[in-house]
Amino acid sequence: MTLSNPVIMEELLNFDALDAFTAAQMDHQASFDAIQTMISQDIIQQDDERKQPV
Numbered sequence: 001m002t003l004s005n006p007v008i009m010e011e012l013l014n015f016d017a018l019d020a021f022t023a024a025q026m027d028h029q030a031s032f033d034a035i036q037t038m039i040s041q042d043i044i045q046q047d048d049e050r051k052q053p054v
């Protein structure tokens, strides 16, 4: 089957672009989640250190 119909080709390109955008968004969200986790762990650690008797 050949895809010579320009409308179909454009829709496939749009789908590829959306797919790439979605993947980039998921990557960005994963990075954001990782940073948020690191900050949370740092806050917990600092809190634990403050509770330690000197």
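Each residue of the sequence shown is one higher than the last, beginning at 1 in the UniProt record's numbering.
Where a beta carbon is used, it is the ideal one built from N, C-alpha and C, also for glycine.
Between the alpha carbons of M26 and A17 lies a distance of about 14 Å. Assignment of Q52 by DSSP, reduced to helix, strand and coil, places it in the coil class. Separation of A34 and R50 (C-alpha to C-alpha, rounded to the nearest whole angstrom) is 24 Å.
The DSSP-derived three-state label of S31 is helix.
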